[in-house]
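Enquirer: Pasting in a structure now, in C-alpha cells, and then I'll have a few things to ask.
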Amino acid sequence: MKEQIKYDQHFLEDKKVLNEIVKVAKLSKEDVVLEIGPGKGVLTNELSKYVKKVIAVEIDKSLSKSLVSLEKNVIVQFGNILELFDSLKFNKIVSNIPYSISEPLLKKIIKKDLDNVVLLIGQKFYYVLTSGLSKWSYIIKLFYEIKKVVDVPRECFKPRPRTDSIVISFTLRKKSLTRNEKVMKEFVLQSDKTVKNALINSFVKVYGLTKKQAKIKFESLKIPVLLHDKHVDVISNEEFNKFYIYWFF
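Be aware that the sequence shown starts at 120, since it is given in my numbering, and climbs by one per residue.
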C-alpha cells in the first residue's frame with residue numbers, strides 16, 4: 120500500500136468503466152497502444168484482446184509479479200513514462216494515469232499526432248482542460264477535440280483517491296486552424312524557448328516572413344518586456360490568455 124501511495128497509484132476496479140474505456144478507444148488489430156501505469160494488468164488484459172500490441176509502462180517494480188502472466192502481445196517496461204515517452208512508438212494511448220503526471224504528460228501528448236487518446240484523469244484536471252480559464256483549455260483545442268466519456272466516482276478505485284475522476288477521449292482536431300491559431304500552435308510547441316524567440320520563429324514558419332520581418336511583427340504586438348525572456352513553458356494562465364485573446368484574436 121505504501122508503494123501505491125508513493126507512486127500516486129489508484130487501481131480501477133469497476134468492470135463497467137473498464138469496458139467503457141475499451142469501447143471509446145475504438146481499437147483494432149493494427150493498433151499499438153501505450154498504457155501508462157498498468158498496475159495489476161486489469162485494463163492491460165482487456166486491451167490486449169483487441170490490438171496488435173500493448174506497451175505497458177510501469178514505474179513500480181513491486182508489481183512485476185502481477186504483470187508477468189500477461190498475453191504475449193503485451194510488452195512491459197519498467198521506468199518513468201516521462202523519460203521513456205519520446206522513445207516509444209505507438210498510435211494510441213489508453214490509460215488510468217497517476218494524477219500527479221497529468222500536465223507533464225499532456226505536454227508530451229500534444230507533440231504527437233495520435234489517432235486516439237483515452238485517459239482516466241482527476242476531476243480537477245478535467246476542469247483545467249475545459250474551463251476556459253487555464254492555458255491548457257486553449258492549448259489542447261489547437262491539437263485535439265476533447266470529449267467527456269463518463270464520470271467515475273472515487274469508490275471505483277483501490278486505494279480510494281481524494282477526488283472523483285472522469286474518462287475523457289482526445290481525437291485529432293479536424294477543424295482547420297486559422298493562421299493565428301497556427302502561430303499559437305507553433306508557439307506552444309517551442310516550450311524550451313523564450314517567448315520572444317518562439318513567437319519570432321512561429322511568424323517565420325506560419326507567415327513566411329524573414330527573420331527581420333518577424334521581429335518587426337513581434338515588436339508591433341507590444342508584449343511587456345518582462346515576458347520577452349520568459350520561457351514558454353512557465354508563462355502563467357493569465358499571461359497565456361492575453362497572448363491568445365488580446366494580442367492575436
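Cβ atoms here follow ideal geometry from the backbone N, Cα and C, with glycine treated the same way.
Excluding five sequence neighbours on each side, which residues of the same chain lie with their C-beta closer than 8 Å to the C-beta of arginine 298?
Expert: Within the sequence shown, numbered from 1, the residue matching residue 298 stands at position 179. Excluding sequence neighbours, arginine 298 sits near Val325 and Tyr326.
Enquirer: State the start and end residues of the unbroken alpha helix (DSSP H) segment that holds threonine 282.
Expert: For the purposes of this step, residue 282 is taken as the residue at position 163 of the sequence shown. No alpha helix (DSSP H) contains threonine 282, which DSSP labels as neither H nor E.
Enquirer: Residues bridged to phenylalanine 130 by DSSP?
Expert: Reading the sequence shown from its first residue, position 11 is the one you call residue 130. Beta-bridge pairing links phenylalanine 130 to Lys277.
Enquirer: Could I get the ranges of all uninterrupted alpha helix (DSSP H) runs contained in the region 193-243, with 4 residues as the minimum, in chain order?
Expert: 200-203 and 221-228
Enquirer: Tell me which residue opens and which closes the alpha helix (DSSP H) that lysine 336 is part of.
Expert: Numbered from its first residue, the sequence shown carries residue 336 at position 217. Lysine 336 -> alpha helix (DSSP H) spans 330-339.
Enquirer: Which whole-angstrom value describes the C-beta separation of tyrosine 246 and phenylalanine 359, a residue pair presumed to lie in contact below a C-beta threshold of 8 Å?
Expert: Numbered from its first residue, the sequence shown carries residue 246 at position 127. Numbered from its first residue, the sequence shown carries residue 359 at position 240. Not a contact, Cβ separation roughly 17 Å.
Enquirer: DSSP three-state call for isoleucine 124: helix, strand or coil?
Expert: Position 5 of the sequence shown, counting from 1, holds the residue named residue 124. Caution is warranted here: a pLDDT of 46 is assigned to isoleucine 124, below 50, making its placement in the model unreliable, and the coordinate value is therefore given only provisionally. Correct three-state label for isoleucine 124: helix.
Enquirer: Going by beta-carbon coordinates alone, are serine 116 and leucine 239 separated by less than 7 Å?
Expert: Examination of residue 116 is not possible in this model, given that the chain is present from 120 through 368 alone.
Enquirer: Pick out whichever of Leu189, Val213, Gly158 and Ile228 has its Cα sitting closest to the Cα of glycine 372.
Expert: Lying outside 120 to 368, the shown extent of the chain, residue 372 is not represented and no answer is given.
Enquirer: Please classify lysine 260 as buried or exposed, where buried requires at least 16 neighbouring CB atoms within 10 angstroms.
Expert: Working through the sequence shown from its first residue, we reach residue 260 at position 141. It counts as buried.
Enquirer: Cβ of valine 237 within 7 Å of Cβ of isoleucine 200?
Expert: Taking the first residue of the sequence shown as position 1, residue 237 is located at position 118. Taking the first residue of the sequence shown as position 1, residue 200 is located at position 81. Cβ distance not < 7 Å, so valine 237 and isoleucine 200 don't count as in contact.
Enquirer: Roughly how many angstroms separate the alpha carbons of tyrosine 263 and glutamate 190, rounded to a whole number?
Expert: Translated into the one-based positions of the sequence shown, residue 263 becomes position 144. Translated into the one-based positions of the sequence shown, residue 190 becomes position 71. Approximately 31 Å between the Cα atoms of the pair.
Enquirer: Taking only three categories from DSSP, how would you classify leucine 186?
Expert: Position 67 of the sequence shown, counting from 1, holds the residue named residue 186. Here leucine 186 sits in helix by DSSP.
Enquirer: By Cβ distance, which residues of its chain are closer than 8 Å to glutamate 154, with the 5 residues on each side in sequence left out?
Expert: Numbered from its first residue, the sequence shown carries residue 154 at position 35. Excluding sequence neighbours, glutamate 154 sits near Leu162, Thr163, Leu166, Val173, Ile174, Ala175, Val176, Ile212, Val213 and Ser214.
Enquirer: With H, G and I counted as helix, E and B as strand and the rest as coil, what does DSSP make of threonine 313?
Expert: Residue 313 sits at position 194 when you count from the first residue of the sequence shown. The answer is strand: DSSP assigns threonine 313 an E or B state.
Enquirer: DSSP on lysine 267, reduced to helix/strand/coil?
Expert: Translated into the one-based positions of the sequence shown, residue 267 becomes position 148. Assigned with DSSP and collapsed to three states, lysine 267 falls in strand.
Enquirer: In angstroms with no decimal places, state the Cα-to-Cα distance between leucine 345 and valine 170.
Expert: Reading the sequence shown from its first residue, position 226 is the one you call residue 345. Reading the sequence shown from its first residue, position 51 is the one you call residue 170. Each residue's alpha carbon lies about 50 Å from the other.
Enquirer: Determine the direct distance from the alpha carbon of arginine 281 to that of serine 250, and round the result to whole angstroms.
Expert: Here residue 250 is taken as the residue at index 131 of the sequence shown, counted from 1. Here residue 281 is taken as the residue at index 162 of the sequence shown, counted from 1. Going by the C-alpha atoms only, they are around 21 Å apart.
Enquirer: Thinking just about the alpha-carbon of each residue, which of Val307, Phe362 and Lys349 is nearest to the one in lysine 341?
Expert: By 1-based counting over the sequence shown, the position of residue 341 is 222. Out of Val307, Phe362 and Lys349, Phe362 has the C-alpha closest to the C-alpha of lysine 341.
Enquirer: Count the other CB atoms, across all protein chains shown, that sit within 10 Å of the CB of aspartate 352; report buried if there are 16 or more and exposed otherwise.
Expert: Residue numbering aside, residue 352 sits at position 233 when the sequence shown is read from its first letter. Its Cβ having fewer than 16 others within 10 Å, aspartate 352 is exposed.
Enquirer: Please report the distance separating the alpha-carbon of lysine 286 from that of isoleucine 140.
Expert: Position 167 of the sequence shown, counted from the first residue, corresponds to residue 286. Position 21 of the sequence shown, counted from the first residue, corresponds to residue 140. The displayed chain sequence assigns valine, not lysine, to residue 286. Spanning the two alpha carbons is a distance of roughly 7 Å.
Enquirer: For threonine 290, which three-state DSSP category applies?
Expert: The sequence position of residue 290 within the sequence shown is 171, counting from 1. Residue state, collapsed to three classes: strand.
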